[in-house]
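Take the sequence shown: its letter number 51 is residue 445 in the working numbering, and every next letter is one higher. Note that the Cβ used here is the ideal one computed from N, Cα and C, for glycine as well. For clarity, every value in this text was computed on a predicted model and none was experimentally measured. Only one structure is covered here, and it is reproduced in the block below.
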Amino acid sequence: MWTYLMKMFQKNTKTCDQCGVVLKKNDPAICLHGIDDGLEYEIYVCEPCCERLANEYDEVEEANLAEQD
Ligand SMILES: [Zn+2]
395 MWTYLMKMFQ KNTKTCDQCG VVLKKNDPAI CLHGIDDGLE YEIYVCEPCC
445 ERLANEYDEV EEANLAEQD
């Protein structure tokens, strides 16, 4: 457990998956993870990109709802 935590602290610089901006330790960012085609993935998205993705998702949802009518 401690080894794992030490690794996490040493590798605290990530890049945003969407725009490639470097995320520093204290920057607001979202870590997305899941399984795609049996492969586990973990991506980091900066806050502005996360908001943009959320807005796009809402638009897709609204478009899908509109199609159903
Ligand atoms: Zn970004």
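Confirm the yes/no value for this check: CB of Pro422, any heavy atom of ligand 1, distance under 7 Å.
Taking the sequence shown and counting its residues from 1, the one referred to as residue 422 is at position 28. Taking 7 Å as the cut-off, one finds no heavy atom of ligand 1 near enough to the beta carbon of Pro422.
Below 7 Å, is the gap between the Cβ of Cys413 and the nearest heavy atom of ligand 1?
For this step, residue 413 is matched to residue 19 along the sequence shown. Yes, Cβ of Cys413 sits closer than 7 Å to a heavy atom of ligand 1.
Just to confirm, is the Cβ distance from Ala423 to Glu441 under 8 Å?
Residue 423 sits at position 29 when you count from the first residue of the sequence shown. Residue 441 sits at position 47 when you count from the first residue of the sequence shown. Contact annotation: Ala423 and Glu441 have beta-carbon atoms nearer than 8 Å.
Inter-residue Cα distance where the pair is Thr409 and Tyr435
Taking the sequence shown and counting its residues from 1, the one referred to as residue 409 is at position 15. Taking the sequence shown and counting its residues from 1, the one referred to as residue 435 is at position 41. Across the structure, Thr409 and Tyr435 are spaced so that their CA atoms are roughly 14 Å apart.
In three-state DSSP terms, what is Asn420?
Working through the sequence shown from its first residue, we reach residue 420 at position 26. DSSP places Asn420 in coil when its eight states are reduced to three.
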